[in-house]
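See structure below.
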Amino acid sequence: MVWSDPDVQKLAQEFVCCTEEVDILFPRNEWLIKHLKNDPAVKLFRDTYGKQVPREHWDPSPTKTKQGVYAMMPDGTYLSARFVGTRKDQVIDLLNEALTTWREQVKERGLKPKPVPQTAALQEWESQKKKDLGLLLQMHCRDLPREGANKTGHGRVVGEQGNTTWLEFSKTEALTFVPDGEEWQAVSSEARDKLFRKGLKDIVYGQSPDWKPADIQSGSLKVRRQNNLSKGINVVIELAGEFHLQDGSHSYRGKISGRVLWLTDRKKITRFEAVAIGARQGSTTFNFRKGDEAAAPLGVSFFLGE
97 MVWSDPDVQK LAQEFVCCTE EVDILFPRNE WLIKHLKNDP AVKLFRDTYG KQVPREHWDP
157 SPTKTKQGVY AMMPDGTYLS ARFVGTRKDQ VIDLLNEALT TWREQVKERG LKPKPVPQTA
217 ALQEWESQKK KDLGLLLQMH CRDLPREGAN KTGHGRVVGE QGNTTWLEFS KTEALTFVPD
277 GEEWQAVSSE ARDKLFRKGL KDIVYGQSPD WKPADIQSGS LKVRRQNNLS KGINVVIELA
337 GEFHLQDGSH SYRGKISGRV LWLTDRKKIT RFEAVAIGAR QGSTTFNFRK GDEAAAPLGV
397 SFFLGE
């Protein structure tokens, strides 16, 4: 994900970063428009900030989405904007523009801003999630090297862009990754389908909806203990599988392999490393694959470490 990029993170430290559903800030259906007409956030984003955004980053039509990345002062003064800004270069430009305008405003108005608090919010969230869930896997999606080409069909450098998100499993679902012995044992269909439908997606450049149950053309996911590698309370588990996901617009087909560490005294998975490698093809509405729909290798990794 672009926001985890070190260069972006360095600039982002100068801002108070937050996220919100855009249709709450700029309601488009009649029910939301009626119920949020006096909402302070709507007045700030739509009525104050929105009137200052350049046309190329803000479609004035009340029916068009305003999804994007925006920078403003606390009073709604415009600093910068990128409509549907998803690439690193777009976000870097936005943050630099915003910082330049902000510093000009500070000098012009004689402001005395306080330092932006540097908190560990993500780490605290992650720690709490790990306590509540059976598994919280960090998921990373990236294009893999292509034979005879270092650029994608739409002109990007292969492997330069990546995207990160999370995949959650309940405590019951997590236990299905812990087999009884050295014989292969199938992971539950619930856990397998969750990993396939929510995890094996092409989100390198944007976002993509979860696969539907009917999109799983075939697939398996199995585990077995590796007693020759296990010691004491540490049980090493091998994971393997294959998948074929396809709908009317795109597909992903390949194999998955990995290793899991189970601590018998804590009855908990403390490490999970797996990678899916295969060929993706086609595109979805917002995954920005237009021009690069031809079959090409894609990798998705899943990681948990304590």
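In the working numbering, the protein residues as written are 97 to 402. The beta-carbon is built from N, C-alpha and C at its ideal position, and this holds for glycine as well. None of the values given here were measured: they were computed from a predicted structure.
| Query | Result |
| --- | --- |
| Looking at Arg385: is its Cβ nearer than 9 Å to the Cβ of His236? | no |
| Buried or exposed for Arg349, going by 16 or more other Cβ atoms inside 10 Å? | buried |
| Grouping DSSP H, G and I as helix and E and B as strand, with all else coil, what is Glu369? | strand |
| With the cut-off set at 9 Å, would you say Phe265 and Ala287 are in Cβ contact? | yes |
| Under 8 Å Cβ to Cβ from Ala390, same chain only, skipping five residues before and after it: list those, please. | Gly249, Gln377 |
| If you draw a straight line from the alpha carbon of Asn246 to that of Val254, how long is it in whole angstroms? | 5 Å |
| Determine, using beta carbons only, whether Glu278 and Asn330 come nearer to each other than 9 Å. | no |
| Give me whichever residues DSSP pairs with Met235 in a beta bridge. | Thr261, Phe398 |
| Take Leu271 as the anchor and find which of Ser285, Gly258, Thr261 has the nearest alpha-carbon. | Ser285 |
| With a floor of 3 residues, list each beta strand (DSSP E) that falls wholly inside the stretch 126-178, ordered by position along the chain. | 164-168 |
| In chain order, what residues of the same chain lie with their CB nearer than 7 Å to the CB of Glu334, ignoring the 5 residues before and after it? | Val319, Arg320, Gln322, Arg355 |
| Which ranges does the beta strand (DSSP E) cover as unbroken runs of at least 3 residues, wholly within the stretch 281-312, from first to last along the chain? | none |
| Using the C-alpha atoms, what's the distance from Arg142 back to Arg238? | 35 Å |
| Mind listing, in chain order, the continuous beta strand (DSSP E) runs of no fewer than 3 residues lying wholly within the stretch 335-389? | 346-359, 364-378 |
| Expressed to the nearest angstrom, what Euclidean distance is found between the alpha-carbon atoms of Asp361 and Asp228? | 18 Å |
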